[in-house]
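Notes follow once the structure below has been shown.
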Amino acid sequence: MLRLLSSDAPRPASTAALRALRWMLVTASVVNAVLWAGYNAINPAYVDPFWVRALLVVGALVLLGATWVRRWTVRDIVTVGVGYPFILSAVVAYLGARNGLDGPWAFGVSVSLLGAGLSVSLYAPTERALGWLLAAIMLTAAVAVVAGRATGSHPLVMMTFAATLAASCYIAGSSRLAVLARHRRSRDAVAESEAQLRAVLDATPDAILTVDEHDVVLDANPAVADIFGYAPDEVVGQRLADHILPNRFRGEHLATMRHVAETGEVGLLVGSLLATGLAADGTEIPVEMTFRP
């Protein structure tokens with residue numbers, strides 16, 4: 441039996457991940473527009489340049505449009521999902537400091553940082569990474585506040601602002617920790633299932649090889665030695681056609697594998713067929729080959 445696995449190409453982003461990113465970008469655009477309009481309605485003297493908000497909104501909309509016109513990978517999603525909230529939190533915290541972090545600005549900055557923390561936490565793969573990301577986004581906000589020289593703020597407002605930052609960390613962190621805990625339980629279950637599968641593969645009398653779309657053997661069970669005379673270590677990392685197929689069949693097999701690699705039409709290899717295999721000592725033996733994706 442042969443199993444076909446894809447190589448380590450960049451993983452395409454899932455529909456759910458793209459949907460989450462789109463909602464984040466739409467929300468960021470709306471919040472920026474609403475906060476700019478709100479601050480100007482409250483006090484036209486507030487330092488909140490239109491061009492700054494426009495750049496944030498246009499940037500979010502350009503990224504939003506790009507999610508429909510190009511193929512996104514997991515790395516693309518993480519880069520934008522982490523990078524844009526960092527930029528947004530820094531800009532909003534800086535503008536808030538320039539305005540003395542009075543009540544309205546403290547509220548707006550807190551809301552922005554809460555949203556940024558939640559967005560960034562979505563892409564933390566581990567508990568440690570989550571801690572570093574949240575610490576980094578809060579440090580970014582703190583540096584932006586210091587750079588903006590928030591002066592004249594009422595102590596109660598500053599205390600409320602600091603408490604809101606702590607609450608943001610807690611909300612973003614605890615929600616993500618719960619997800620990571622579920623993922624860890626799922627990984628443990630998968631590892632247990634794989635161990636059971638490994639035991640079954642090692643015990644089966646059929647030779648089972650796992651290959652990628654380039655015909656490179658990724659795994660082989662002990663029965664390969666009994667049937668073909670090769671130790672599993674001898675074929676892993678090598679082309680399948682170079683070891684268990686006679687010369688006269690290799691060209692056709694490799695052409696089929698190239699077609700699969702170029703088009704992704706795995707269906708060409710699904711099924712069973714009677715064929716001739718080649719043992720390590722050069723003896724040709726009749727075999728039934730079964731391909732499964």
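Numbering of the sequence shown is given in our numbering, commencing with residue 441 and proceeding in unit increments.
Built from N, CA and C at the ideal position, the CB exists for glycine as well.
Next on the checklist: For Met599 and Ser550, what's the separation of their Cα atoms in angstroms?
Outcome noted: Reading the sequence shown from its first residue, position 159 is the one you call residue 599. Reading the sequence shown from its first residue, position 110 is the one you call residue 550. Whole-angstrom Cα-Cα distance: 12 Å.
Checklist entry - Looking only at its own chain, which residues have a Cβ that is under 6 Å from the Cβ of Tyr563, when we skip the five neighbours before and after it? => result Here residue 563 refers to the residue found at position 123 of the sequence shown. For Tyr563, where only same-chain residues beyond five positions count, the Cβ hits under 6 Å are Val518, Gly521 and Val522.
Checklist entry - Are Leu528 and Ala569 touching if we call contact CB-CB under 8 Å? => result For this step, residue 528 is matched to residue 88 along the sequence shown. For this step, residue 569 is matched to residue 129 along the sequence shown. No; because the gap between Cβ atoms is not below 8 Å, this pair is not in contact.
Next on the checklist: Assess contact between the region 608-622 and the region 564-583, defined as three or more Cβ pairs (one per stretch) separated by less than 8 Å. Is contact present?
Outcome noted: The region 608-622, when compared against the region 564-583, does touch it at the 8 Å Cβ threshold.
Next on the checklist: Which residue wins for smallest C-alpha separation from Gly704, given the options Glu653, Phe668 and Arg538?
Outcome noted: Taking the sequence shown and counting its residues from 1, the one referred to as residue 704 is at position 264. Cα-wise, what sits closest to Gly704 is Glu653.
Item to check | Endpoints, alpha helix (DSSP H) assigned at Ala671 | outcome: Position 231 of the sequence shown holds residue 671. Counting along the chain, Ala671 falls outside any alpha helix (DSSP H), and DSSP gives it neither H nor E.
Next on the checklist: Between the alpha carbons of Pro544 and Val498, how many angstroms are there, rounded?
Outcome noted: Here residue 544 refers to the residue found at position 104 of the sequence shown. Here residue 498 refers to the residue found at position 58 of the sequence shown. Taking the straight line from one Cα to the other gives about 24 Å.
Item to check | Distance between Val531 and Gly588 (C-alpha atoms, nearest Å) | outcome: Translated into the one-based positions of the sequence shown, residue 588 becomes position 148. Translated into the one-based positions of the sequence shown, residue 531 becomes position 91. Computed Cα separation, rounded: 10 Å.
Next on the checklist: I'd like to check one pair, Ala607 with Ser561: are the Cβ atoms closer than 8 Å?
Outcome noted: Numbered from its first residue, the sequence shown carries residue 561 at position 121. Numbered from its first residue, the sequence shown carries residue 607 at position 167. Cβ distance not < 8 Å, so Ser561 and Ala607 don't count as in contact.
Checklist entry - Mind checking whether the beta-carbon of Pro484 lies closer than 7 Å to any heavy atom of the ligand HEM? => result Within the structure as shown, the ligand HEM is missing, as the structure has no ligands at all.
Checklist entry - Under the rule that 16 or more other beta-carbon atoms within 10 Å means buried, what is His623, buried or exposed? => result By 1-based counting over the sequence shown, the position of residue 623 is 183. Flag for His623 reads exposed.
Item to check | Residue nearest to Val471 in terms of C-alpha spacing, selected from Pro452, Arg510, Ala556 and Arg690 | outcome: The residue given as residue 471 occupies position 31 in the sequence shown. The candidate whose alpha carbon is nearest that of Val471 is Ala556.
Checklist entry - Which one of Val586, Pro565 and Ala481 has the shortest CA to CA distance from Leu620? => result Counting from 1 along the sequence shown, the entry for residue 620 is found at position 180. Per the Cα distances, Pro565.
Checklist entry - Buried or exposed: which applies to Arg493, given that a residue is buried once 16 or more other Cβ atoms fall within 10 Å of its Cβ? => result Within the sequence shown, numbered from 1, the residue matching residue 493 stands at position 53. With 16 or more Cβ atoms within 10 Å of its Cβ, Arg493 is classed as buried.
Checklist entry - Is the Cβ-Cβ distance between Asp655 and Ala695 less than 8 Å? => result For the purposes of this step, residue 655 is taken as residue 215 along the sequence shown, with counting starting at 1. For the purposes of this step, residue 695 is taken as residue 255 along the sequence shown, with counting starting at 1. Remark: C-beta atoms of Asp655 and Ala695 do not approach each other more closely than 8 Å.
Item to check | Top-ranked residue by Cα proximity to Phe668, from Leu495, Ile684, Asp659 and Glu702 | outcome: Taking the first residue of the sequence shown as position 1, residue 668 is located at position 228. Of the candidates Leu495, Ile684, Asp659 and Glu702, the one whose C-alpha sits nearest the C-alpha of Phe668 is Ile684.
Item to check | Val474 classed as buried or exposed, judged by whether at least 16 other C-beta atoms fall within 10 angstroms | outcome: Translated into the one-based positions of the sequence shown, residue 474 becomes position 34. By the 10 Å Cβ count, Val474 comes out exposed.
Checklist entry - Just checking my contact of Arg462 with Thr507 at CB under 8 Å: how many whole Å lie between their CB atoms? => result One-based indexing of the sequence shown puts residue 462 at position 22. One-based indexing of the sequence shown puts residue 507 at position 67. That pair is a contact at about 6 Å.
Item to check | Nonlocal neighbours in the same chain, by C-beta distance under 7 Å from Ala720, ignoring five residues either side | outcome: As a position in the sequence shown, residue 720 is number 280, starting the count at 1. Result list for Ala720: Phe668, Gly669 and Tyr670, in chain order.
Item to check | Which of helix, strand or coil DSSP assigns to Glu724 | outcome: Indexing the sequence shown from 1 puts residue 724 at position 284. Three-state result, Glu724: strand.
Item to check | Alpha carbon of Thr644 to alpha carbon of Glu674, nearest angstrom | outcome: Looking up residue 644 in the sequence shown gives position 204. Looking up residue 674 in the sequence shown gives position 234. Between Thr644 and Glu674, the C-alpha separation is close to 19 Å.
Checklist entry - The alpha helix (DSSP H) with Asp682 in it runs from where to where? => result Along the sequence shown, read from residue 1 onward, the residue named residue 682 stands at position 242. It spans Ala681 to Ile684 - the alpha helix (DSSP H) in which Asp682 sits, taken as one unbroken run.
Item to check | Own chain partners of Leu501 with C-beta closer than 7 Å, once the 5 adjacent residues on each side are dropped | outcome: In the sequence shown, the residue the question calls residue 501 occupies position 61. Cβ within range, chain order: Ser469.
Item to check | Distance between Gly478 and Leu605 (C-alpha atoms, nearest Å) | outcome: Translated into the one-based positions of the sequence shown, residue 605 becomes position 165. Translated into the one-based positions of the sequence shown, residue 478 becomes position 38. Each residue's Cα considered, the two are about 22 Å apart.
Item to check | Local Cβ density within 10 Å of Val700, reported as buried at 16 or more and exposed below that | outcome: Position 260 of the sequence shown, counted from the start, is the residue given in the question as residue 700. Its Cβ being crowded by 16 or more others within 10 Å, Val700 is buried.
Next on the checklist: Could you give the first and the last residue of the continuous beta strand (DSSP E) run that contains Val651?
Outcome noted: Stepping through the sequence shown from its first residue, residue 651 is reached at position 211. That run of the beta strand (DSSP E) goes Leu649 to Asp652.
Checklist entry - Under a three-way DSSP split, which group does Gly536 fall into? => result Here the question's residue 536 lines up with position 96 in the sequence shown. Of the three classes helix, strand and coil, the one that applies to Gly536 here is helix, per DSSP.
Next on the checklist: If contacts are defined as beta-carbon pairs under 8 Å, then Arg538 and Val586 qualify, I think. What distance do you get, rounded to the angstrom?
Outcome noted: Within the sequence shown, residue 538 is the residue found at index 98, counting from 1. Within the sequence shown, residue 586 is the residue found at index 146, counting from 1. 12 Å between Cβ atoms; not a contact.
Item to check | Residues of its chain near Leu458, where Cβ-Cβ distance is below 8 Å and the 5 sequence neighbours each way are ignored | outcome: Indexing the sequence shown from 1 puts residue 458 at position 18. Cβ within range, chain order: Thr507, Trp512 and Ile517.
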